[in-house]
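Down below is the structure, laid out as structure tokens.
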Amino acid sequence: MPGLEDLYREIILDHYRSPRNKGELESPPATRVEGFNPLCGDEIVVYVDVEDDTVKDIRIGGQGCSISQSSASMMSAAVKGKSLAEVKGLTKAFKAMMSIHEQSLDGEGEGLEESGESGIDPSEIADVPEEVKLGDLEALRGVVKFPVRIKCATLSWNTLAQGIDEATAG
Amino acid sequence: MSEAGTTGSARLDVARIRKDFPILSRDIRGTRLVYLDSANTSQKPQSVLDAMDHYYERSNANVHRGTYLIAQEATEAIEGARGIVRRFIGAPSDRNVVFTKNATEAMNLVVRAWGTKHLREGDAVVLTEMEHHANIVPWHQLAEAIGIELRWIPVTDEGHLDVGDLDRLLDGAKVLSFTAMSNVLGTVTPVAELVAKAHDAGAIAIVDASQHVPHITTDVQAWGADFVAFTGHKLLGPTGIGVLYGTEEILEATPPFLGGGEMILNVTKDGFTHTELPWKFEAGTPMIAEAVGLGAACEYLTGLGMDAVRQHEVELTAYTLRTLTERFGDDVTIHGPSEPAARGGVFSFAYKDIHPHDLTQVFDEHGVCVRAGHHCAKPLMRALGVNATARASLYVYNDTDDIDALADAMDAAGQFFSF
Ligand SMILES: Cc1ncc(COP(=O)(O)O)c(C=O)c1O
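Residue numbers (my numbering), protein chains in the order written: chain A, -18 to 151; chain B, 285 to 703.
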């Protein structure tokens, strides 16, 4: 039976209390994208400044629960200054972590099925580069045991991906 | 059984009622199940489960077409349920009671079938800021299709409808469609008054009674509404069944919604003629067992007495408001009317700075089921200036122990997130 401490790790609460890269960037030149979690009404705003195929700067706005806010905060710290290829690898690795079958986590019989609950398509997590290190983001691993919260954790990542797409489209 | 479910013994015996609901004896992580999410969906008494089982075990057959005994019993089962529902809401005839999948489908039927036929580009439809998406999105869809205009009755800080500007909003409008009880704030709206205003302005009146029918005696004729929609699963019945009530006049003026079997009189290669009310709106094999379950649910509530149900909820609402304010003072914000008699047992609240999602996650550890989110009422959330709330809601099986458990879980959440 997963407990609250599986979900709310100390690092998560720390990022929730003192979010990194909170604020806005002037857009343009930065790209501004909004993400919605239709389940709970949370709204997140990602400002991303892409230059020379690198995430030069990033800021996070909006409101959300501890999981979506801390995930966004950790993400911003993890992707800042990284090349777009590295960000893509991180995103894949993060999503792969968010779609692991619960049974393989704690060996209990009562796991969640590999259902559509996470909203992650298998193609999004194919071929995760081996060298990717998730670092602090590992703390969010426990979220998989709380299926409805997976979308909280992935909201900022999906929004960032959209932002990068828009920034590189034209 | 009395008309409109007004039989009244004095008080609810909640301890006895709880024994009728098998799920309430389930323990959750070693504590009792504290179910405070009935505005979302209600639990089901044994009598409803038994009625549905009994139907499948004894009389399962398709309806309105078999000549054999069990087919006749199945037909009687669904039509009997229709009669029970008709009496429960005070409708004049079974012809006025259409079974749908849920309240959402009932609203879509009205908007698609009646709206498409009777509304034109530029026609105004008046809604309120406290509507459920079921009474918003179908209108948006119609607006996209034919270009109707939507107007909105605002909500006051106390969570009431602000009718100050109503005459202007209704001026020239074709429809007023509104909730009888807010699923977020619990606000009970002045239905008969609003219906009369709509009619005076030459508009039809549509009432979303999804939160009203389960909790307060409902008399659709006293309301005078043209259409009334509600859903079965919030009133102790099963999922998969809802009801659309309509006056004879308006149902006759509404073309069929879905086409297929059951709803026809004749079909040729050139066309079809539809059958009479209410089956004209019930295409295909209907939800027979679900109708039977809904009938049993209405009978269960009638047995309790809807006046007693309401009295219980007003008392427990007063206890909830008192307990939360006494125990948490300024740390808790409860949206909606402060006067228990003006509201149903639905409490949207904020506690400290804890996000509703985090709050209800901690509640779950304590077996307390409370919903977090926008409750399918995003325009209202925006008017309240929040993205989400935690929402606790009451029904016949809740007692003061449940409210105390909620308050204890709030304490636990406060400690967990104290920083
Ligand atoms: C006021 C109101 N209207 C409509 C609905 C829709 O009910 P259903 O989802 O059963 O169609 C609900 C419940 O979610 C509600 O609270």
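C-beta: ideal position from N, C-alpha, C; glycine also. As the structure is a prediction and not an experimental result, all values here were calculated from the model.
| query | result |
| --- | --- |
| Alpha helix (DSSP H) segment containing Q505(B), residue limits | 504 to 507 |
| F541(B) to F565(B) span [Cα, whole Å] | 6 Å |
| Selection from T135(A), A134(A), K3(A) that minimises the alpha carbon distance to A58(A) | K3(A) |
| Neighbourhood of L393(B) by C-beta, 7 Å cutoff - its chain only, sequence neighbours within 5 removed | T384, L528, F541, F565 |
| Check: E389(B) C-beta below 8 Å from any heavy atom of ligand 1 | yes |
| First through last residue of the alpha helix (DSSP H) which encompasses N139(A) | 131 to 150 |
| Buried or exposed (CB count within 10 angstroms, at least 16 for buried), Y(-3)(A) | buried |
| Interface flag, H416(B) vs chain A, CB-CB below 9 Å | no |
| D33(A) in three-state terms, based on DSSP | coil |
| Proximal residues of chain B, C-beta to C-beta of D102(A) below 7 Å | Those do not exist, as D102(A) stays about 24 Å from chain B at its closest Cβ, beyond 7 Å. |
| Cutoff 9 Å: E15(A) Cβ touching any chain B Cβ | no |
| Residues near T140(A) in its chain [Cβ-Cβ closer than 6 Å; skip 5 each side] | V14, G16, I25, V27 |
| Ligand 1 heavy atom lying under 8 Å from the CB of A485(B) | no |
| V332(B) versus A573(B), H639(B), D451(B), G543(B), residue with shortest Cα-Cα distance | A573(B) |
| Between the CA atoms of A355(B) and T388(B) - distance to the nearest angstrom | 29 Å |
| Stretch pair the segment 652 to 662 of chain B + the segment 317 to 328 of chain B: three plus CB contacts closer than 8 Å | yes |
| Those residues which DSSP pairs with I704(B) across a bridge | Limits of chain B in this structure are 285 at one end and 703 at the other, which puts residue 704(B) out of reach. |
| Enclosing beta strand (DSSP E) for R313(B) [first to last residue] | First-last for R313(B): undefined, no H or E at that position. |
| Interface flag, A656(B) vs chain E, CB-CB below 9 Å | Absence of chain E from the displayed structure is noted, the protein chains being A and B. |
| Cβ separation of G62(A) and V31(A), assumed to be a contact under 8 Å, to the nearest whole Å | Going by Cβ atoms, the distance from G62(A) to V31(A) rounds to 12 Å, so no, they are not a contact pair. |
| M694(B) at chain A interface by Cβ criterion, 9 Å | no |
| Contact set between L(-15)(A) and chain B, taken where Cβ atoms lie within less than 8 Å | Q645, V646, E649, F700 |
| Simplified DSSP assignment, three categories, for L296(B) | coil |
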